[in-house]
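In this note's numbering, the protein residues as written are 705 to 1409. One structure below.
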Amino acid sequence: GGARARSGGKMASTAAGKQRIPKVAKVKNKAPAEVQITAEQLLREAKERELELLPPPPQQKITDVEELNDYKLRKRKTFEDNIRKNRTVISNWIKYAQWEESLKEIQRARSIYERALDVDYRNVTLWLKYAEMEMKNRQVNHARNIWDRAITTLPRVNQFWYKYTYMEEMLGNVAGSRQVFERWMEWQPEEQAWHSYINFELRYKEVDRARSIYERYILSRALAVLVLVHPDVKNWIKYARFEEKHSYFAHARKVYERAVEFFGEEHMDEHLYVAFAKFEENQKEFERVRVIYKYALDRIPKQDAQNLFKNYTVFEKKFGDRRGIEDIIVSKRRFQYEEEVKANPHNYDAWFDYLRLVESDTETETVREVYERAIANVPPIQEKRHWKRYIYLWINYALYEELEAKASKRTRQVYQACLELLPHKKFTFAKMWLLYAQFEIRQKNLPLARRALGTSIGKCPKNKLFKGYIELELQLREFDRCRKLYEKFLEFAPENCTSWIKFAELETILGDIDRARAIYELAIGQPRLDMPEVLWKSYIDFEIEQEEYEKTRNLYRRLLQRTQHVKVWISLAQFELSAGQEDRLQRCRQIYEEANKAMRSCEEKEERVMLLESWRSFEDEFGTDAAKERIDKLMPEKIKKRRKLQAEDGSDAGWEEYYDYIFPEDTANQPNLKLLAMAKLWKKQQQENEAAAMDPDKDIDESQT
């Protein structure tokens, strides 16, 4: 048989080898099709068309115990197979346990839950389903055991604690529920857990226990140091409202006071102070309310105290007087200024406004504190323009100490501190030295005043300092000191004409005419002067007052050697006219003649015209007709001319008209004057001819006449 099988196998293989294998069809077009079909699309279409939909199994009716046991066996085998395939899918375990529970197989369901917990003990749903099954079947001790294991294993899952405490409370086991809450609180849970515990105690009228829970809720003791547990302000407010609700008003006030002390000034919150103030308002403690609001407004930044200020305003409108409402407005402005100076400490205008507000109605110490804060903001650059506003902070500070606070010692300290702060080598402020000296004089301390002014002149001499010091000594009638100061002043600023004049006037008042004249001579001999015309005029007026007419004339002649200004000539002529001598008119006329000759070479024709007009006024008042006619002949002709203008780049900028004066005395201008006169005569004749052509009868009548 074996041989036949082998021979048969060989024959079959030979026959197969002889068979022809079909050829594979060759694809000529290998380009991809326009519509691509994926495996996902095939599966989706199959599901849509329900190609693989199986019919539901037929319903079974179990009629005896054997069929039931067989059904249970098959079902358990299915569940076990699913669990064995994937142990980590907890839903399979829960379905299995719930199925066993539906069959009242509680012990089996427990076993399944325990097996599931061995797989994943962190699954919250598993613990909940397990405990709910025990509670549903009234297995209280089993449920307690499960909850206890759950909160021990997962103490941060609040749901376990809530359900455990609720179960104990529903069973009437208040002590057990309290014990569970206590275990929960040891873990320092979230805010809602504490409130649940407090509400639990309040449901059984245990107010003292609720108060102790609030205390633990707010603070916990560790190593004899209060450690913050829940630092939120609202927790303190809830605690205080709890005390207020149960009519423990003293306890509520104590809670608010502890909260204020606990948070201090670093973590102030407007909600705490608003709640505190409203509590005191309910207790009719209006003064305490006002103190609370003011305390908070003085320390909380404005942007964080909008609600606080709004409530304070409402309170004052309800219970306050006009003074209280004004205080609110002042507080609001104070907040604004505080924010401004915080944003820019070198904004001195904001400091001035703030200080003006503070000085209006505040204690002296508060004002001093604000002044100290203001003057601490020294300008960073040592340039006088940056210090001009800053220095007035010191001035106002000193004046406040002297006039308002009546503290002369502090005033002196303020002045001295300011003068030490100023960089006198670069610049100084004369007003500060003078104010300090005047303060010392008001304090009847003349040596200190003189010492201050002497120090100022030694460190940083200025015109204003010299003038102030001299004025002080003049008021004290210390003329020798004034002379010395003027000498120092003129050594420092010899070009200052006002100082020379004041020095000479001082000597004149003292009756020392020779010293005054010598001072004037020294003054006009200086190579550089800031106002020489004022100095010469003062010297001339001085000689006129002394009725030294010859010396006055000599001064005028010396001045004319330096300048040929028309005002000097006119002033000399008026001096000669007012000198009161017999030949005053002749002298005055000679001056005008001399001035006119000297002014012929002057390029400024307006000055020459001014001189001739002054001369004509003189002749109109004192001269003869011949003299008047002579002056009229000297007066120039005023003509209009045009000249070409050029721009800065050299291009033409048009023409402009101007007036020029042609004087008859100028021989070079005689041809021009003759031509001008002939032109005027021709124009007059032309006008007459035109008038005659327009009215011929008039010409006949005139000719007959």
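A virtual CB, placed ideally from N, CA and C, is assigned to each residue, including glycine. Predicted, not measured: the structure shown is a model, and the values here were computed from it.
Under 9 Å between the Cβ atoms of residue i and residue j?
i     : j     : result
Q1140 : A1156 : Sequence check: residue 1140 is Tyr here, not Gln. The answer is yes: Cβ separation under 9 Å.
Y1190 : I1174 : yes
Y1094 : N1081 : yes
E890  : G880  : no
A1000 : Y977  : yes
E838  : N862  : no
K942  : Y918  : yes
V1118 : W1098 : yes
F1019 : E985  : yes
V1270 : R1312 : yes
T869  : D824  : no
K1192 : I1161 : yes
A1153 : L1125 : no
K1110 : T1132 : no
P1005 : E1043 : yes
Q1142 : S1112 : no
Let me check understanding here. Comparing Cα to Cα, which of the options lies closest to residue i?
i     : options                    : result
F1056 : M1235, E1069, Y1041        : Y1041
F885  : Y901, L1138, F953          : Y901
A979  : M1136, Y1016, D1245        : Y1016
A847  : Y817, R860, L1097          : Y817
D805  : N903, E1247, K840          : It should be noted that the sequence gives Glu, not Asp, for residue 805. Looking at the Cα atoms, K840 is the closest of the given residues.
D822  : I794, V844, K799           : I794
R1116 : K1130, F1131, K1129, N1149 : N1149
R1293 : F1322, G1229, R1037        : F1322
Y952  : V911, D936, V937           : V911
L1276 : L1239, L1315, E1310        : L1315
V995  : Q1147, E961, R945          : E961
K1168 : T782, F1196, E1144         : F1196
N827  : R1003, L858, D852          : L858
A963  : Y997, K732, A1054, I922    : I922
A1215 : E1249, E1225, L1226        : Note that residue 1215 is Gly in the sequence shown, not Ala. Minimum Cα distance to G1215 is reached at E1249.
What's the C-alpha gap between residue i and residue j?
i     : j     : result
W831  : P736  : 57 Å
D1324 : A1134 : 54 Å
S1064 : D1184 : 46 Å
R1219 : L1210 : 10 Å
D1403 : Q1390 : Summary for D1403: the model assigns pLDDT 45, below 50, so the residue's position carries little reliability, and this model does not support an answer.
R860  : F966  : 29 Å
N1106 : E1182 : The identity of residue 1106 in the sequence shown is Glu, whereas the question assumes Asn. Rounded to the nearest angstrom, the two C-alpha atoms are 28 Å apart.
C1186 : M1136 : 21 Å
K1171 : L1194 : 11 Å
R819  : Q811  : 12 Å
E784  : D774  : 15 Å
I766  : L906  : 55 Å
D1405 : S1282 : For D1405, the predicted structure reports a pLDDT of 43, less than 50, and the residue's modelled location is therefore unreliable. A value from the coordinates is still provided. One C-alpha to the other measures close to 58 Å.
G705  : K779  : Because G705 sits at a pLDDT of 42, beneath the cut-off of 50, its placement in the model cannot be relied upon, and the point is left open.
E1360 : D1353 : 18 Å
L932  : Y800  : Bear in mind that the predicted position of L932 carries a pLDDT of just 44, short of 50, making it unreliable; the figure below should be weighed with that in mind. So the alpha carbons of these two residues sit roughly 48 Å apart.
Y1104 : E1247 : 50 Å
A1078 : E1237 : 47 Å
S1318 : A1299 : 11 Å
A1351 : G1358 : 9 Å
Q1179 : E1310 : 47 Å
S815  : Q764  : 28 Å
V844  : Q896  : 26 Å
M1382 : E1392 : 15 Å
R748  : N796  : 27 Å
F1013 : K982  : 13 Å
P1049 : R1221 : 56 Å
R1347 : K1188 : 59 Å
Less than 8 Å between the CB atoms is what I'm expecting for residue i and residue j, so what's the real figure, rounded?
i     : j     : result
A835  : I850  : 4 Å
P1084 : W1091 : Not really, about 11 Å apart at Cβ, beyond 8 Å.
S1242 : I1205 : 5 Å
Y1075 : L1061 : With a Cβ gap of about 13 Å, Y1075 and L1061 do not count as contacting.
V959  : E969  : In fact, because the Cβ distance is near 19 Å, the residues do not count as touching under 8 Å.
I1223 : F1207 : 5 Å
I798  : K833  : 6 Å
A944  : E974  : Rounded, the Cβ-Cβ distance is 16 Å, inconsistent with contact.
L1289 : F1326 : 6 Å
Is residue i close to the ligand ZN? I mean its beta-carbon at under 8 Å from any heavy atom of the ligand.
i     : result
D1329 : In the structure shown, the ligand ZN is absent, as is every other ligand, since no ligand is present at all.
Kindly indicate if chain B contains any beta-carbon less than 9 Å away from that of residue i.
i    : result
W891 : The chain inventory of the structure shown lacks chain B, comprising one protein chain alone.
Cβ contact check for the stretch 1225-1236 and the stretch 1198-1212: 3 or more pairs under 8 Å: yes
Cβ contact (3+ pairs, closer than 8 Å) linking the stretch 1245-1253 and the stretch 1261-1276: no
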